[in-house]
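Under our numbering, the residues of the sequence shown are numbered 1172 to 1380, in order.
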Amino acid sequence: MISTNCSNKSQLTAVRGLLSPGHDILETVTESPGRVLYVIVCAAGPAVEAGRLVAMAQDEGWIVQIVATPSALDFIDVPALERQTGRPVRSRYRKPSEPKPPRADAIIVAPATYNTINKFAQGIADTYALGVLAEAPGLGIPVVVLPFVNSALASRTAFRRSVAELRADGVRVLFGPGQYEPHPPSAAADRFDAYPWKRALTELTRPGD
Ligand SMILES: Cc1cc2nc3c(=O)[nH]c(=O)nc-3n(C[C@H](O)[C@H](O)[C@H](O)COP(=O)(O)O)c2cc1C
1172 MISTNCSNKS QLTAVRGLLS PGHDILETVT ESPGRVLYVI VCAAGPAVEA
1222 GRLVAMAQDE GWIVQIVATP SALDFIDVPA LERQTGRPVR SRYRKPSEPK
1272 PPRADAIIVA PATYNTINKF AQGIADTYAL GVLAEAPGLG IPVVVLPFVN
1322 SALASRTAFR RSVAELRADG VRVLFGPGQY EPHPPSAAAD RFDAYPWKRA
1372 LTELTRPGD
């Protein structure tokens, strides 16, 4: 069994089983265990290192909930992330009979794909990750998007428009000089080490524009 880091057991309000494929993990859900950061992981190369962001966020006192797109499940080590966060990786909408997970206090989308960025901007909610994102601006939840796209994808009008539209909705998209700059096609792996996970985290505490 993996439990949360909750120090005050009297805060425990629900216990439920949440199963990732092949893993028998009983999640302990708390109402107010601390500030909850949702890390939404999409299907791009740096996803394999999402644990780096988890560690940085935990160092800052965040409770981290990983939400993976269905495609991202092929890129990440689900059991390792569940051990690290003490929480199940979520990738699908809950069943109506299942309790609601704690709401996010903040959200980081990293790595954010071309696909998810464009769908988020268009208001599409056909994955659990996109469903969480669809509501976030309206709920006043801060959202930071850290793309990982190559220059061919980033040059598309659709992508540029999506970035502009998300920013107009108050979403902080870390794209451009001094933020994430697209890599040349077929050079993704060269950028993994320098992928600015920490920049996404510090953006959450930066005063608004
Ligand atoms: C090995 C591999 C690497 C990929 N890298 C990227 C990438 O760096 N950026 C990107 O936007 N899409 C990348 N893709 C394509 C996405 O995985 C694909 O568009 C997928 O539908 C995205 O789903 P999601 O946005 O729901 O995670 C990659 C696909 C594969 C198979």
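The beta-carbon is built from N, C-alpha and C at its ideal position, and this holds for glycine as well.
Coil, strand or helix - residue i by DSSP
i, result
"Gln-1229", "helix"
"Leu-1317", "strand"
"Phe-1363", "coil"
"Ser-1203", "Per-residue confidence for Ser-1203 stands at a pLDDT of 48, beneath the threshold of 50, marking its modelled position as unreliable; no derived number is given."
"Pro-1282", "strand"
"Ala-1215", "coil"
"Val-1210", "strand"
"Val-1260", "coil"
"Phe-1346", "strand"
"Gly-1193", "Here the model assigns Gly-1193 a pLDDT of 41, short of 50, so the residue's position is not dependable, and the following value carries that caveat. Three-state DSSP puts Gly-1193 in coil, outside helix and strand."
"Ala-1358", "coil"
"Ile-1247", "coil"
"Ala-1339", "helix"
"Ala-1296", "coil"
"Thr-1376", "helix"
Chain-order list of residues whose beta-carbon lies under 6 Å from that of residue i (same chain, five-residue window excluded)
i, result
"His-1354", "Asn-1321, Arg-1362"
"Gly-1341", "Pro-1308"
"Leu-1337", "Ala-1292, Val-1344"
"Lys-1290", "Leu-1301"
"Ser-1273", "According to the sequence shown, residue 1273 is Pro rather than Ser. Cβ within range, chain order: Val-1207."
"Phe-1346", "Pro-1318, Val-1334"
"Val-1280", "Ile-1211, Val-1316"
"Ser-1242", "Ala-1214"
Status (buried if at least 16 other CB within 10 Å, exposed otherwise) for residue i
i, result
"Tyr-1351", "buried"
"Ser-1326", "exposed"
"Leu-1310", "exposed"
"Ala-1333", "Looking at the sequence provided, one finds Ser at residue 1333 rather than Ala. The residue in question, Ser-1333, is buried, as its Cβ has 16 or more Cβ neighbours within 10 Å."
"Tyr-1366", "buried"
"Tyr-1209", "buried"
"Ala-1323", "exposed"
"Arg-1377", "exposed"
"Leu-1197", "Its pLDDT being 39, under 50, Leu-1197 is placed unreliably in this model, and the value from its coordinates should be taken loosely. Exposed is the call here."
"Ser-1262", "buried"
"Glu-1253", "buried"
"Glu-1269", "exposed"
"Arg-1331", "exposed"
Residue i Cβ short of 6 Å to ligand 3 heavy atom set
i, result
"Ser-1326", "Inclusion of ligand 3 in the displayed structure is not the case, the ligand content consisting of ligand 1 alone."
Beta-carbon contacts of residue i that lie in its chain and below 7 Å, excluding the five residues immediately before and after
i, result
"Ala-1360", "Gly-1216"
"Ile-1247", "Val-1212, Ala-1218, Val-1219, Ala-1221, Ala-1239"
"Asp-1195", "The pLDDT assigned to Asp-1195 is 39, lower than 50, so where the model puts this residue is not dependable, and the model offers no usable value."
Cutoff 8 Å; reference residue i; Cβ partners in own chain excluding five residues on either side
i, result
"Ala-1329", "Asn-1289"
"Val-1303", "Tyr-1209, Ile-1211, Val-1238, Ala-1275, Ile-1278"
Test: residue i CB closer than 7 Å to a CB of chain D
i, result
"Pro-1259", "The structure shown contains no chain D; it holds only a single protein chain."
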